[in-house]
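Enquirer:
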Amino acid sequence: MKLKLLLLIAAFGAMNCAQAADLLDTYHSAQRNDPVFSAAHATQQAGQEKLPQGRALLMPSVNLVANSTYNDQTTQYLGATPFPGGNNRYNSHGYGVTLVQPLYRQQNWVAYSAAELQVAQSDAQFRIAEQELVLRVAQAYFDVLIARDSVQLAEAQKTAIAEQLAQAKRNFEVGSATITDTREAQARHDLTNAQQLAAQNNLEIKQRALQQLTNELPQDIRPLGKQFKLQTPQPADMEQWVNDAQRNSPQLAIAQAAAELADKEVTRNRGGHYPTVDMVANYSKNYANGGSFGVGSDSSNKSIGVQLNLPLFQGGAVNSKWREAEANRERATQELENTRRSVALQTRQAYLGIVSGIAQVQALQQALTSSESVLEASKLGQEVGVRTNLDVLNAQQQLYATRRDLYQAQYNYLLSQLRLKAAVGALGEAELVNVNQALF
3 MKLKLLLLIA AFGAMNCAQA ADLLDTYHSA QRNDPVFSAA HATQQAGQEK
53 LPQGRALLMP SVNLVANSTY NDQTTQYLGA TPFPGGNNRY NSHGYGVTLV
103 QPLYRQQNWV AYSAAELQVA QSDAQFRIAE QELVLRVAQA YFDVLIARDS
153 VQLAEAQKTA IAEQLAQAKR NFEVGSATIT DTREAQARHD LTNAQQLAAQ
203 NNLEIKQRAL QQLTNELPQD IRPLGKQFKL QTPQPADMEQ WVNDAQRNSP
253 QLAIAQAAAE LADKEVTRNR GGHYPTVDMV ANYSKNYANG GSFGVGSDSS
303 NKSIGVQLNL PLFQGGAVNS KWREAEANRE RATQELENTR RSVALQTRQA
353 YLGIVSGIAQ VQALQQALTS SESVLEASKL GQEVGVRTNL DVLNAQQQLY
403 ATRRDLYQAQ YNYLLSQLRL KAAVGALGEA ELVNVNQALF
């Protein structure tokens with residue numbers, strides 16, 4: 003009967019684990035529901051329109067003008083004239099079509115090439131938004147896990163301290179312990195109860211933070227499992243990762259495009275001194291049922307030609323804009339250099355985060371084993387009278403603190419893996435799948 007009960011409990015636990023959302027499920031939900039990511043996608047779509055807008059500057063423009071007018075004209079001639087005077091009332095209406103095809107506008111060509119850079123910028127910005135979504139989801143997911151671990155550890159610690167408190171009370175009643183042992187255990191029990199309440203509150207906050215990404219409150223998510231492994235970065239060469247980041251970082255791509263845009267802005271403003279040449283074609287049709295001499299008219303006009311416009315003086319505005327663009331180019335150049343250094347620093351930090359994370363996890367695993375041994379030895383020492391109740395309580399606290407630190411170090415290690423991929427512009431769903439394999 004007990005065996006059947008155990009099998010049912012195990013099957014129920016396996017079913018709950020199968021139904022629990024993992025990191026990949028949470029990421030897909032955030033892709034659909036995160037407003038920050040949706041806004042970034044809309045921004046990218048808006049950025050794509052820069053190219054047709056720039057191309058439009060090179061294309062012909064056609065305008066249609068139409069009019070209809072009621073005229074009330076009174077004419078009185080002075081002196082002898084064969085033309086009759088008087089009052090004339092008549093309607094006139096007409097329409098005209100004008101086509102302008104730019105033949106040479108240096109500023110328009112620069113604006114078109116700048117539009118291509120703006121599209122590249124919008125693509126890189128959306129790529130950053132995709133990577134940031136992965137990092138935000140992973141951070142929020144692991145924050146919920148560590149908060150849940152803290153609640154479970156607090157509950158386990160509270161249970162263990164409650165046992166020590168009960169034992170201290172029994173020992174005091176039989177006279178084998180002092181009241182101090184009972185009070186120490188009671189104080190530690192009260193402290194752990196407060197820590198449990200704080201941990202539960204923190205868990206609620208972290209769950210709400212994850213809900214902000216997915217628009218649904220997480221009921222159950224999968225913890226780390228036996229598939230968790232420590233792996234050094236490949237290649238195991240930090241400078242190689244830095245070089246990859248210099249080539250592929252989307253942050254650097256945005257800064258590079260901004261520097262090129264600033265350079266083109268200098269060229270565009272310099273073009274304010276250049277002439278423009280356009281082909282202009284007109285067609286107009288006008289009709290009037292009356293006129294100055296009481297005679298109507300029906301006329302049409304067609305023309306085509308080349309128009310030259312040479313700016314001579316605009317109050318110094320062109321030179322001022324040119325100087326402004328050169329200053330902005332210098333600013334963009336310095337920002338590019340700063341971004342290049344920042345990307346290198348972030349890459350090194352992420353790489354060292356993995357290396358040090360591996361060492362920290364291994365050290366805490368050993369420390370956990372040692373803490374378990376200390377607790378067992380303290381309990382045994384208490385039984386034979388060489389350790390006090392306070393020693394056992396301290397050993398218990400050390401054990402649970404070490405276990406919590408180990409969990410946190412494992413999550414930080416996984417986040418460092420994702421950050422390193424993001425630094426070199428290679429973070430995507432495939433990398434998230436690899437991390438997701440560490441979960442049950």
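The letter at position 403 of the sequence shown is residue 405 when you use the working numbering, and the numbering goes up by one with no holes. In this text, a Cβ means the ideal position worked out from N, Cα and C, and glycines have one as well.
Quick one: what's A68 bridged to in DSSP?
Expert: Answer is Y97, bridged to A68.
Enquirer: Looking at L434 and V136, is the spacing between their C-beta atoms short of 7 Å?
Expert: It is a contact, given that the beta carbons lie within the stated cut-off.
Enquirer: Near R249, which residues of its chain fall below 6 Å by C-beta distance, leaving aside the five closest residues on each side in sequence?
Expert: Same-chain partners within the cutoff: there are none.
Enquirer: Examine the Cβ distances between the region 148–166 and the region 285–303 and report whether three or more of them are shorter than 8 Å.
Expert: Segments in contact, no.
Enquirer: In chain order, what residues of the same chain have a beta carbon less than 6 Å from the beta carbon of A113, not counting five sequence neighbours either side?
Expert: Taken in chain order, the residues that qualify are G56 and L59.
Enquirer: How big is the Cα-Cα spacing for S124 and A283?
Expert: Cα-Cα distance, rounded: 38 Å.
Enquirer: Considering only DSSP beta bridges, list what R91 is partnered with.
Expert: Note: R91 sits in a beta bridge opposite D74.
Enquirer: On the three-state DSSP scale, how would you describe G359?
Expert: The answer is helix: DSSP assigns G359 an H, G or I state.
Enquirer: Does the distance from the CB of A440 to the CB of Q229 come in under 7 Å?
Expert: Against a cut-off of 7 Å, the Cβ pair of Q229 and A440 comes out as a contact.
Enquirer: Would you decide whether L9 is buried or exposed? Buried here means 16 or more other CB atoms lie within 10 Å of its CB.
Expert: Any answer about L9 is weak, because its pLDDT of 35 lies below 50 and its placement is not dependable; what the coordinates show is given next. So L9 ends up on the exposed side.
Enquirer: Have a look at the DSSP bridge pairing and note the partners of P220.
Expert: Its beta-bridge partners do not exist; DSSP assigns none.
Enquirer: Spatial neighbours of G355 within its chain, please: C-beta separation below 6 Å, excluding the five flanking residues on both sides.
Expert: Cβ neighbours of G355 beyond the five flanking positions: S418.
Enquirer: Between D265 and R333, is the Cβ-Cβ spacing less than 7 Å?
Expert: Cβ atoms of D265 and R333: not closer than 7 Å.
Enquirer: Taking a contact to mean a Cβ-Cβ separation below 7 Å, would you say V139 touches Y29 in this structure?
Expert: Contact: yes.
Enquirer: From S63 to T278, what distance separates their C-alpha atoms?
Expert: Taking the straight line from one Cα to the other gives about 15 Å.
Enquirer: Counting only the same chain and skipping the five closest in sequence on each side, list residues whose C-beta sits under 6 Å from that of T100.
Expert: Once the five neighbours on either side are set aside, the close Cβ partners of T100 are N65 and N284.
Enquirer: Among E157, T77, Y353 and Q399, which one has its Cα closest to the Cα of Q463?
Expert: Outside the shown range of the chain (3 to 442) lies residue 463, about which nothing can therefore be said.
Enquirer: Please state the DSSP three-state secondary structure of S305.
Expert: Looking at S305 - three-state DSSP - the assignment turns out to be strand.
Enquirer: Hey, P220 and L147: beta-carbon distance below 7 Å or not?
Expert: No, Cβ-Cβ distance for P220 and L147 is not below 7 Å.
Enquirer: So what does DSSP say about A13, is it helix, strand or coil?
Expert: Because the pLDDT at A13 is just 40, under 50, the model does not fix this residue reliably, and the value given afterwards should be weighed accordingly. Three-state result, A13: helix.
Enquirer: Compute the beta-carbon to beta-carbon distance between Q258 and L338, rounded to the nearest angstrom, for a pair I have assumed lies under 8 Å.
Expert: Correct: roughly 6 Å between the Cβ atoms.
Enquirer: Kindly indicate the opening and closing residues of the alpha helix (DSSP H) around K423.
Expert: N391 to A425 is the extent of the alpha helix (DSSP H) around K423.
Enquirer: Kindly indicate which residue of R150, R190, D151 and G430 has the alpha-carbon position closest to the one of A168.
Expert: Taking only the C-alpha atoms, the option nearest A168 is R190.
Enquirer: Would you say Q2 and V153 are within 7 Å of each other, going by their C-beta atoms?
Expert: This structure leaves residue 2 out entirely; the chain is present only between 3 and 442.
Enquirer: Just reading off the alpha helix (DSSP H) that S251 is part of, what are its end residues?
Expert: Note, S251: premise wrong, no alpha helix (DSSP H); not H, not E.
Enquirer: Of the residues Y79, A41 and G98, which one's Cα is nearest the Cα of A68?
Expert: When only C-alpha atoms are compared, the closest one is G98.
Enquirer: Throw me the rounded Cβ distance for the L408 and L370 pair, which I believe falls under 8 Å.
Expert: Contact flag correct, Cβ pair sits at about 6 Å.
Enquirer: Compare the C-beta of R150 against all C-beta atoms of chain C and say whether one is closer than 7 Å.
Expert: In the structure shown, chain C does not exist; there is a single protein chain.
Enquirer: Using C-beta distances below 6 Å, list every residue in its chain close to A116, excluding the 5 sequence neighbours before and after it, in chain order.
Expert: Excluding residues within five positions, the ones whose Cβ falls inside 6 Å are L263 and K266.
Enquirer: If you draw a straight line from the C-alpha of D74 to the C-alpha of S94, how long is it?
Expert: Distance between the alpha carbons of D74 and S94 is about 11 Å.
Enquirer: Under three-state DSSP, which class holds N271?
Expert: Three-state DSSP puts N271 in a helix.
Enquirer: So, at 8 Å on beta carbons, what are the nonlocal neighbours of K323 in its own chain, with the 5 sequence-adjacent residues on each side left out?
Expert: Here the set comprises N271 and G274.
Enquirer: Applying the criterion that 16 or more other CB atoms from any shown protein chain within 10 Å of the CB defines a buried residue, is Y1 buried or exposed?
Expert: Outside the shown range of the chain, which is 3 to 442, sits residue 1, and nothing can be said about it.
Enquirer: For P235, count neighbouring C-beta atoms within 10 Å of its own C-beta (all shown protein chains included) and say buried if the count is 16 or more, exposed if not.
Expert: Its Cβ being crowded by 16 or more others within 10 Å, P235 is buried.
Enquirer: Can you grab the Cα-Cα spacing for the pair R34 / Q47, in whole Å?
Expert: So the two alpha carbons sit approximately 17 Å from each other.
Enquirer: Compare the C-alpha of A227 against each of V388, G430, Y92 and L25 and name the closest.
Expert: According to the sequence as given, residue 227 is Gly; it is not Ala. The candidate whose alpha carbon is nearest that of G227 is L25.
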